[in-house]
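A.B. asks: Once you've had a glance at the structure underneath, I'll fire off some questions.
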Amino acid sequence: MKCDICGIRKAVLFVQQVSATRTVELHLCLECAEERGVNVAGTNVEAAFNNLLSGLLQDASITNQHSLSCPVCGKTLADLRRMKSTGCPECYTVFKSEIFSILKNHGIEGTYQGELPKKLAHFRSVLTDRIMYQEKLAQAVAIEDYEKAAVYRDCLKALETRSAQPYYTEDEADG
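Here it is, written out as structure tokens:
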């Protein structure tokens, strides 16, 4: 049996808590148990288990990890934790908070602030310009300002031809 937390290592600790409304079973590997404060060699094992279970019951993402799944590819939260990868772009929306917590546990916070490669910078500017012009076009049509709408339509057409052009120079294509 695999660990319910990491989904990678073999579970060596089995905990079951029975309450009036539900029963929670938890299978932990030694590393995950130690990370959560369970020290088997220590003297107060009962207190450690109580802290562990109360913390896990409050964390809905762990107790419901088998029920949360991507509607597009079917990948579950347990799969995400085990494989450390998503199945499709929709997974990023479905598992957004879980992905942020996994990244935070690995010391990664915030968004990337560095430079983009040339080809990505080109596509990013085209996409952001296209979104801006589409919004302005919709606003101009909504207020019935058809002259401005025609200008924005022409800008969108120019962006389409610009995005069809290669993003690299002749020198980059040769070598």
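For the sequence shown, the numbering used here assigns the number 5 to the initial residue and increments by one for each residue that follows. Cβ coordinates follow ideal geometry from the N, Cα and C atoms, glycine included. Every value quoted in this text rests on a predicted model; they were computed, and no experiment measured them.
(1) Got a sec? Which residues, its chain only, sit under 8 angstroms from Phe99 by beta carbon, not counting five neighbours each side?
(2) For Lys14, which residues in the same chain have their Cβ closer than 8 angstroms to its Cβ, ignoring the five residues on either side in sequence?
(3) Which partner residues does Leu30 have in the DSSP bridge list?
(4) Cys95 and Lys108 - do their beta-carbons sit closer together than 8 angstroms?
(5) So, at 6 angstroms on beta carbons, what are the nonlocal neighbours of Gln143 in its own chain, with the 5 sequence-adjacent residues on each side left out?
(6) Counting only the same chain and skipping the five closest in sequence on each side, list residues whose C-beta sits under 6 angstroms from that of Arg134.
(7) Please return the same chain residues whose Cβ sits closer than 7 angstroms to the Cβ of Val16, not counting the five positions on each side in sequence.
(8) Mind checking which residues open and close the alpha helix (DSSP H) that includes Val98?
(9) Would you check if the distance between the CB atom of Tyr156 and the CB atom of Tyr137 is smaller than 8 angstroms?
(10) Rounding to the nearest angstrom, what Cα-Cα distance links Lys140 and Ile147 in this structure?
C.D. replies: From the atom records:
(1) By one-based count along the sequence shown, residue 99 stands at place 95. Within the same chain, Phe99 has close Cβ partners Leu72, Cys74, Leu81, Leu84, Thr90.
(2) Here the question's residue 14 lines up with position 10 in the sequence shown. Excluding positions up to five away in sequence, the list reads Met5, Lys6, Cys7, Cys33.
(3) Here residue 30 refers to the residue found at position 26 of the sequence shown. Answer by DSSP bridge pairing, in chain order: Val19.
(4) Taking the sequence shown and counting its residues from 1, the one referred to as residue 108 is at position 104. Taking the sequence shown and counting its residues from 1, the one referred to as residue 95 is at position 91. No, Cβ-Cβ distance for Lys108 and Cys95 is not below 8 angstroms.
(5) Working through the sequence shown from its first residue, we reach residue 143 at position 139. So no residue of the chain qualifies.
(6) In the sequence shown, the residue the question calls residue 134 occupies position 130. Correct list, in chain order: Leu163.
(7) The sequence position of residue 16 within the sequence shown is 12, counting from 1. If we look at Val16 and ignore the five residues flanking it on each side, its Cβ neighbours are Cys33, Leu34.
(8) Translated into positions along the sequence shown, residue 98 becomes position 94. That run of the alpha helix (DSSP H) goes 93-98.
(9) Position 152 of the sequence shown, counted from the first residue, corresponds to residue 156. Position 133 of the sequence shown, counted from the first residue, corresponds to residue 137. Yes.
(10) Numbered from its first residue, the sequence shown carries residue 140 at position 136. Numbered from its first residue, the sequence shown carries residue 147 at position 143. Lys140 and Ile147: Cα-Cα distance of roughly 11 angstroms.
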